[in-house]
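Take a look at the structure set out below.
In my numbering, the protein residues as written are 7 to 249.
So, in structure tokens, the structure goes:
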């Protein structure tokens, strides 16, 4: 009897471990993106967008840790999740030595953006960043790793410069967003993840655009010129203001 029970228990243990490991998905993975490095604008970012989803049946709290596998000297990197966009020195959302304790809590079926921003600081090159994801309850057990690669080339035209400087911020947003647009941007359009238009704004210098009544979640924010041509689309994370 023991010869039957012990293998069965072992099978259940392996099966449950496999389920736990498969309860999170990161899409896409790997993330490959490219952009420009402008020596005259050291704040230009190249952003690798990804979505982390809880595929399990229980609410979980997530820890991520950023590992700079290969980063050119002078570059910086940072991570954005559902809670915040963190400054480059923040290597993890759970880091007692720097006073960070911001777990990402996901109910079954919920998702968070898990984006990596590379800041070339005007230096051409390539970079690789890895994000290791674990449960807050078992932080040393990495459930999955996401690989983000970046390729920055020096700007070759004014068109490259203008496109690179387009931005929608803050991201994540709570009540308002603003647009950084050095060229003829006339419209900001926000879509949900299935492509339904949720908001549309006429863009004017110095203006802010109210998104506080949108449900928390992920959106796409597109910037269009006067001809209606979409010049750039961003992943925008909307979150509710904490009480």
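Every residue gets a Cβ at the ideal spot worked out from N, C-alpha and C, and that includes glycine.
Quick one: using the 10 Å Cβ neighbour count with 16 as the cut-off for buried, is residue i buried or exposed?
i: residue 178; result: buried
i: residue 230; result: buried
i: residue 27; result: Note that residue 27 scores a pLDDT of 46, beneath 50, so its modelled location is shaky; the value from the coordinates is reported in the next line. Exposed, because fewer than 16 other Cβ atoms sit within 10 Å of the Cβ of residue 27.
i: residue 217; result: buried
i: residue 199; result: exposed
i: residue 160; result: exposed
i: residue 219; result: exposed
Can residue i and residue j be called in contact, C-beta distance under 7 Å?
i: residue 52; j: residue 158; result: yes
i: residue 62; j: residue 90; result: no
i: residue 82; j: residue 42; result: no
i: residue 31; j: residue 59; result: yes
i: residue 174; j: residue 192; result: no
i: residue 236; j: residue 243; result: no
i: residue 92; j: residue 84; result: yes
i: residue 239; j: residue 226; result: yes
i: residue 207; j: residue 39; result: no
i: residue 133; j: residue 172; result: no
Compute the beta-carbon to beta-carbon distance between residue i and residue j, rounded to the nearest angstrom, for a pair I have assumed lies under 8 Å.
i: residue 121; j: residue 73; result: The pair is not a contact, with the Cβ atoms about 16 Å apart (cut-off 8 Å).
i: residue 65; j: residue 113; result: 5 Å
i: residue 57; j: residue 117; result: 5 Å
i: residue 80; j: residue 129; result: 5 Å
i: residue 152; j: residue 75; result: Not quite, the Cβ-Cβ distance comes to about 12 Å (not below 8 Å), so this is no contact.
**Message:** Whether or not the stretch 207-227 and the stretch 145-163 are in contact is what I'm after, with contact meaning three or more pairs of Cβ atoms, one per stretch, closer than 8 Å; do they touch?
**Reply:** no
**Message:** Please give me, in chain order, every unbroken run of the beta strand (DSSP E) with length at least 3 that falls completely inside the stretch 42-116.
**Reply:** 52-54, 57-60, 66-76, 82-86, 110-112
**Item:** Validate contact between the stretch 95-111 and the stretch 180-189 using beta carbons, cut 8 Å, 3 pairs
**Value:** no
**Request:** Report the residue ranges of all beta strand (DSSP E) runs contained in full by the stretch 168-244; include only those spanning at least 3 residues, in chain order.
**Result:** As far as the stretch 168-244 is concerned, its whole beta strand (DSSP E) runs of at least 3 residues are 173-175, 182-186, 191-198, 203-208, 214-216, 223-231, 236-244.
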